[in-house]
Every structure is written in C-alpha cells, then in structure tokens.
Amino acid sequence: MTRTAQAGSPPRSQREDAIGTPPQQPTLVPAQRYYSAEFAALEVERMWPRVWQFACTVDHVAEPGDYFEYRCGPYSVIVVRGDDGELRAFQNVCRHRGNALCTGAGSQLRELRCGYHGWTWDLQGALRRVPHRKGFGTLPMDQFPLIAAQVDTWERLVFVNLDVSAMPLREYLEAIPEDIAWNRLSEFRCYATMTLDVDANWKTIADGFSETYHIQTLHPELHRCMDDVYAPQTIWGHTGKSEQLYGVPSPHLKESVDDAAVWDAYVSTQGALMGVAEDTPFPADQQPAVPVGELIAGRTRAFAEGRGVDLAWATDDQILRLHQYNVFPNMSLLTNADHLTVLTSRPGADPDRGELIMTLWMRMPPGSPRTTPADIRLNADEAHPGLVLTQDIAVLPGLQRGLHQPGLTHIVLSNEERRVINMHRNLERYLDVPETDRMTGGETDGAAASQNHR
0 MTRTAQAGSP PRSQREDAIG TPPQQPTLVP AQRYYSAEFA ALEVERMWPR
50 VWQFACTVDH VAEPGDYFEY RCGPYSVIVV RGDDGELRAF QNVCRHRGNA
100 LCTGAGSQLR ELRCGYHGWT WDLQGALRRV PHRKGFGTLP MDQFPLIAAQ
150 VDTWERLVFV NLDVSAMPLR EYLEAIPEDI AWNRLSEFRC YATMTLDVDA
200 NWKTIADGFS ETYHIQTLHP ELHRCMDDVY APQTIWGHTG KSEQLYGVPS
250 PHLKESVDDA AVWDAYVSTQ GALMGVAEDT PFPADQQPAV PVGELIAGRT
300 RAFAEGRGVD LAWATDDQIL RLHQYNVFPN MSLLTNADHL TVLTSRPGAD
350 PDRGELIMTL WMRMPPGSPR TTPADIRLNA DEAHPGLVLT QDIAVLPGLQ
400 RGLHQPGLTH IVLSNEERRV INMHRNLERY LDVPETDRMT GGETDGAAAS
450 QNHR
C-alpha cells in the first residue's frame with residue numbers, strides 16, 4: 000500500500016528555507032572555545048554536571064541486573080535496573096576511598112561491590128556490607144548510600160543528569176516529544192553502538208550534525224537526492240530541529256537531475272534504508288512509471304514488511320522527510336518513519352580530542368524480544384559507517400587543526416547555522432561567560448529570546 004503526502008503543499012516561494020530571516024551581520028564566536036584548556040575546564044565544572052545527557056538505551060538495561068556505565072570527561076555514572084524493575088543511576092564511586100565500582104556494561108548484577116576494600120551496596124544504592132566495620136568506630140550504614148544521579152527515559156532513550164535538582168527531562172526536551180510523537184519511536188530497537196575516537200573537540204564533532212550548509216560541498220552525492228534549501232529550522236531553547244526532504248534533488252543544483260540520477264544518489268548514500276545493494280540500478284522499465292520519491296518510499300515499505308513491520312500508516316512524506324533534533328549540549332537525533340540514528344559527542348583526553356558515538360536502531364514488529372546491543376569502539380580512521388558519515392568524520396581533524404591558527408580569532412556563522420549558534424548561546428548561559436568573551440553579531444538578544452520560546 001502506498002500513501003502519498005497530503006496534497007496542497009505551498010509553492011516554493013511560500014515555503015520556509017534553511018536560512019529563515021537573515022540577520023544584519025554574521026555571528027562571530029571566539030575560536031578558542033574549541034581548543035582552550037581553560038574553557039574545557041569551565042565546561043567540566045559548570046556545564047557537564049548540570050545537563051541531561053543521553054547515556055544508553057532501554058535495550059542496554061531492560062532486565063533486572065542489567066547495568067551500563069556512562070562516561071563523560073571525568074564523570075562516570077552507573078545506570079542499573081534494580082531487582083524491583085526500577086531504573087536508577089548512581090555516581091560511579093565507592094564512598095570509602097573513591098574507587099570506581101564497575102566499568103562497561105553487562106547483566107545479572109546482584110550487588111555493587113568495590114574491588115578495592117569490599118564495601119558493598121545493593122542495586123537500590125543502600126550500603127549493605129563493610130569489612131572490618133568495627134575499625135571505623137560508629138559507622139551508620141544508612142548515612143553512606145551510593146550518590147544518586149537523576150535518570151529518566153524518553154521512549155527507549157535513557158538520559159542521566161548528575162544534578163539531582165535539575166529540571167525534569169520532559170521539560171528539558173521542550174517540544175521534541177510532542178513534535179515527533181507520530182513516529183512511534185518506542186517500536187525501534189537498538190542493535191549497536193559505535194564509539195569512535197576522533198582528533199577533534201566535542202563541539203567540532205557536534206557542529207557537523209547541526210547544519211546543512213556543508214552538504215553542497217562535502218556531500219555532492221547527497222546533494223543530488225536531498226532538498227537542503229527548503230529545510231526549515233526551529234529553535235526552542237535547549238533544543239532545535241531541522242527537516243530535510245529526500246528523494247528530490249537540491250534546488251541549488253543548476254543542471255537538470257532526472258529520476259535515475261536521484262535514485263543513484265539515494266542508493267549510494269541511503270540505500271541501506273530501503274534494503275537495496277550498492278549500485279542497484281534505477282528500475283526504468285517499471286510500469287506504470289512512478290516518480291522516484293514514490294518508488295523509494297515503496298521500496299522502503301517493502302523492506303520493512305520483510306522484517307514484519309507494517310508502514311501502511313506512514314505517508315510518503317513521513318518516509319522521505321528526515322527530522323533532525325538537536326538536544327543541548329551534544330545530541331542529534333535523526334529519524335523518519337523507518338529510520339532512527341542518535342549521534343552524540345563527548346570530550347576526550349584533551350580539548351583536541353573527542354568521541355563520536357553512533358547509536359543505531361531498527362524498527363521492529365510490536366512485541367519483538369529485546370536483544371543486547373553490540374558495543375563497538377574504533378579509531379576514526381578504522382570506521383566506515385557509510386559514505387556520508389565517513390565524509391563527515393574525515394573532515395574533523397583538519398577542522399580542529401585550523402581552529403588553532405593564530406590569525407583565526409573567531410569563526411563566522413550564518414543564520415543557516417543557527418543550531419550551532421544556539422549551542423553556543425546555551426554554553427554561555429551555563430558557563431556564565433563574561434560579556435567580553437561572548438558571541439557578537441547575528442540576531443539581537445531580544446530576537447534570540449523570542450526565537451528560543453517559539
């Protein structure tokens with residue numbers, strides 16, 4: 000069954016583009032934010048302990064005794080499913096001498112026991128055993144529980160926050176849950192995470208998934224099968240959104256691009272989403288002939304049906320339009336009716352190094368059993384996660400080196416890059432950056448505040 004998008008779409012002249020209303024001048028952001036040890040130290044002190052961060056998936060911690068260690072810079076949080084079925088999070092530290100209690104991820108955990116001196120807690124965080132307790136004199140066990148962190152879920156994504164007094168997750172996510180509720184994200188299951196060590200700051204990594212301005216240059220193949228012009232963006236506050244329609248050539252292209260060329264570009268960049276092999280030719284002899292977008296949507300439905308997933312509820316537009324959500328500070332969620340990928344970036348050993356984490360999902364039939372995701376770690380040059388992501392990753396080390404050049408005092412941002420600008424706006428707020436070190440140019444503070452509360 001094929002369902003097309005609703006008729007009556009406004010003409011291009013009335014559609015919102017990726018730029019929106021241009022500012023009077025570009026936004027200038029101090030380049031040292033991307034490599035300064037002092038700025039990174041401020042992030043560690045004032046930002047990372049206070050924000051909600053995507054840590055793992057429900058598939059990692061689905062059963063009692065499942066646990067997952069989430070690390071970000073110097074911070075470590077244990078997410079654990081208790082014997083009572085409740086999900087809890089604790090700072091990964093023994094209350095005795097500060098040793099980390101566990102590492103990695105696993106299952107069948109019965110207690111949290113320090114491997115140094117044997118202090119032991121139950122999965123609800125209560126201290127249960129202290130070897131040679133009498134040596135401490137009076138040691139009230141109830142005064143030394145594990146140090147709690149906030150944990151909450153949205154759909155099958157698990158978030159943590161070291162600040163137990165921080166705003167609730169749903170408030171932090173703002174309009175995102177309602178905006179994408181149509182897509183039934185709970186039906187997706189995580190099958191793998193891939194962590195890449197990258198020679199770039201976590202912000203350099205995150206910026207690449209926060210704007211479409213680079214597509215016409217870095218992704219020529221993608222440019223032939225995606226509309227990067229009429230790609231509206233919204234900024235809410237901690238969060239933002241961009242939409243891009245696939246199955247059409249970019250309006251930027253001057254030459255004519257026929258359906259076969261759009262098909263070839265889509266197959267080379269997104270072919271896995273409709274289950275076709277690389278170099279699968281355009282079915283030019285198909286009768287009756289249908290537009291390439293409808294053909295791609297139909298193949299996607301057939302691919303889903305092959306694994307027991309019925310996409311009859313989804314319009315062609317819901318299959319072909321990618322919804323990309325940014326959540327401050329470091330998360331980008333990309334989804335359409337049969338695709339979900341979550342990208343996050345984290346700080347590395349120094350400001351010139353970071354991690355890119357790709358969390359990969361597949362929509363499965365309702366009631367499908369949980370499978371434990373595979374967790375893979377690679378150097379960036381060892382990974383080949385598809386043509387587009389490989390292109391994105393390859394450019395990062397050069398970006399990071401360039402930011403160090405003494406003549407580059409500021410990076411210059413367009414309104415098309417306003418999700419990057421919004422990330423810096425939030426950074427300035429959390430870090431309480433002095434006025435002399437803040438961004439300049441771009442929209443006025445009043446316009447920014449108005450946009451943040453759209």
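Residue 287 in numbering that gives the first Met the number 0 is what sits at position 288 of the sequence shown, and the numbering runs on without skipping anything.
Virtual Cβ for every residue (Gly too), placed ideally from N, Cα, C.
Since this is a predicted model, take the numbers as computed values, not measurements.
Distance between beta carbons of ARG155 and ASP58, contact taken as under 8 Å = Yes, they are in contact, since the Cβ atoms of ASP58 and ARG155 sit about 7 Å apart, within 8 Å.
Take PRO396 and list the residues in its own chain whose beta-carbon comes closer than 7 Å to its own, dropping the five residues that flank it on each side.
-> So the qualifying residues of the chain are ASP198 and ALA199.
Which one or two residues does DSSP pair with LYS240 in a beta bridge?
-> Bridge partners of LYS240: THR233 and TYR324.
What residue does the beta strand (DSSP E) around ALA338 start on, and which one ends it?
-> Ala is not the amino acid found at residue 338; the sequence shown has His there. For HIS338, the uninterrupted beta strand (DSSP E) segment begins and ends at 338-346.
For ARG320, which residues of its own chain have a beta-carbon under 8 Å away from its beta-carbon, when the five flanking residues on both sides are left out?
-> Answer for ARG320: GLU242, GLN243, LEU244, TYR245 and ASN335, listed in chain order.
Cα-Cα separation, LEU145 to HIS95 | Taking the straight line joining both Cα atoms gives about 11 Å.
Would you mind working out which of GLU427, ILE420, ARG132 and PRO280 sits nearest PRO25, comparing C-alpha positions?
-> Among GLU427, ILE420, ARG132 and PRO280, the Cα nearest to that of PRO25 is on ILE420.
To which residues does DSSP link VAL92 through a beta bridge?
-> None; VAL92 has no bridge partner.
Determine, using beta-carbon pairs with one atom in the segment 362-371 and one in the segment 183-194, whether at least three such pairs fall under 8 Å.
-> Touching, yes, given that three or more Cβ pairs across the two stretches are closer than 8 Å.
Going straight from the alpha carbon of ASP65 to that of PRO405, what length do you get?
-> Their backbone Cα atoms lie some 49 Å apart in a straight line.
Roughly how many angstroms separate the alpha carbons of ALA296 and GLN285, rounded to a whole number?
-> The alpha-carbon atoms of ALA296 and GLN285 are separated by roughly 15 Å.
Complete runs of the alpha helix (DSSP H) confined to the segment 140-164 [at least 4 residues] = Here no run is fully enclosed.
Within 8 Å, strictly: CB atoms of LEU217 and VAL394 | For LEU217 and VAL394, yes; Cβs fall inside 8 Å.
Can you tell me whether ILE375 is buried or exposed, with buried defined as 16 or more other CB within 10 angstroms of its CB?
-> With fewer than 16 other Cβ atoms within 10 Å, it is exposed.
For VAL228 versus VAL247, is the C-beta distance shorter than 8 Å?
-> Result no, Cβ atoms of VAL228 and VAL247 do not sit closer than 8 Å.
Using three-state DSSP, classify SER331 as helix, strand or coil.
-> SER331 falls in the strand class under three-state DSSP.
Between ARG132 and the rest of its own chain, which residues show a CB-CB distance below 8 Å, the 5 nearest in sequence each way excluded?
-> So the list reads LEU138, once near-sequence residues are dropped.
Could you tell me which uninterrupted beta strand (DSSP E) segments, each at least 3 residues in length, are contained entirely in the segment 84-132, listed from first to last along the chain?
-> When DSSP assignments are scanned along the segment 84-132, the uninterrupted stretches of beta strand (DSSP E) that are 3 or more residues long and fall wholly within it turn out to be 86-90 and 126-128.
Cutoff 6 Å; reference LEU355; Cβ partners in own chain excluding five residues on either side | Only LEU195, VAL197, ILE204 and SER344 meet the Cβ criterion.
Neighbourhood of ALA201 by C-beta, 7 Å cutoff - its chain only, sequence neighbours within 5 removed | The sequence shown places Trp at residue 201, not Ala. Closer than 7 Å at the Cβ level, and outside the excluded window around TRP201, lie ASN329, SER344, ARG345, PRO346 and GLY353.
For ASP258, the nearest candidate out of ALA283, THR192, VAL50 and PRO63 (CA to CA) | Nearest in C-alpha terms to ASP258, of all of ALA283, THR192, VAL50 and PRO63, is ALA283.
Rounded to whole angstroms, what's the CA-CA distance from ALA288 to ARG298? Just pull it up for me.
-> When rounded, the separation of the alpha-carbon atoms in ALA288 and ARG298 is 14 Å.
List the DSSP bridge partners of GLU68.
-> Partner(s): ILE77.
Under the assumption that ARG45 contacts PHE38 (Cβ atoms under 8 Å), give the Cβ distance between them as a whole number of angstroms.
-> Going by Cβ atoms, the distance from ARG45 to PHE38 rounds to 11 Å, so no, they are not a contact pair.
Is it buried or exposed for LEU172, if we count other Cβ within 10 angstroms and need 16 for buried?
-> Around the beta carbon of LEU172, 16 or more other beta carbons sit within 10 angstroms, so the residue counts as buried.
As assigned by DSSP and simplified to three states, the class of GLY440 | Strand.
DSSP on GLN31, reduced to helix/strand/coil?
-> DSSP places GLN31 in the helix class (H, G or I) of the three-state scheme.
Counting only the same chain and skipping the five closest in sequence on each side, list residues whose C-beta sits under 8 Å from that of ASN378.
-> If the five residues before and after ASN378 are omitted, its C-beta is found closer than 8 Å to the C-beta atoms of LEU195 and ASP196, all from its own chain and listed in chain order.
Strand pairing of MET46, partner residues [DSSP] | In DSSP, MET46 forms no bridge with anything.
Between VAL78 and TYR69, is the Cβ-Cβ spacing less than 8 Å?
-> It is a contact, given that the beta carbons lie within the stated cut-off.
For ALA104, the nearest candidate out of VAL129, GLU62 and ALA125 (CA to CA) | GLU62 is the residue among VAL129, GLU62 and ALA125 whose C-alpha sits nearest the C-alpha of ALA104.
CA nearest to the CA of ARG223, picked from SER255, VAL308, GLY84 and ASP337 | Across the set SER255, VAL308, GLY84 and ASP337, the C-alpha of SER255 shows the shortest separation from the C-alpha of ARG223.
Would LYS253 be called buried (16 or more neighbouring beta carbons within 10 Å of its own) or exposed?
-> Taking all protein chains in view, the Cβ of LYS253 is surrounded by fewer than 16 other Cβ atoms within 10 Å, so the residue is classified as exposed.
Below 7 Å CB to CB, which residues in the same chain sit around GLN269 once its five sequence neighbours on both sides are set aside?
-> Closer than 7 Å at Cβ, skipping near neighbours: TYR245.
Residues in its own chain within less than 8 Å of ILE18 by CB, not counting five upstream and five downstream?
-> Shown here for ILE18: same chain residues with a beta carbon closer than 8 Å to its own, the five before and five after excluded, namely SER413, ASN414 and GLU415 in chain order.
Which residues DSSP lists as bridging TRP312, in chain order | Answer is none; TRP312 lacks a bridge partner.
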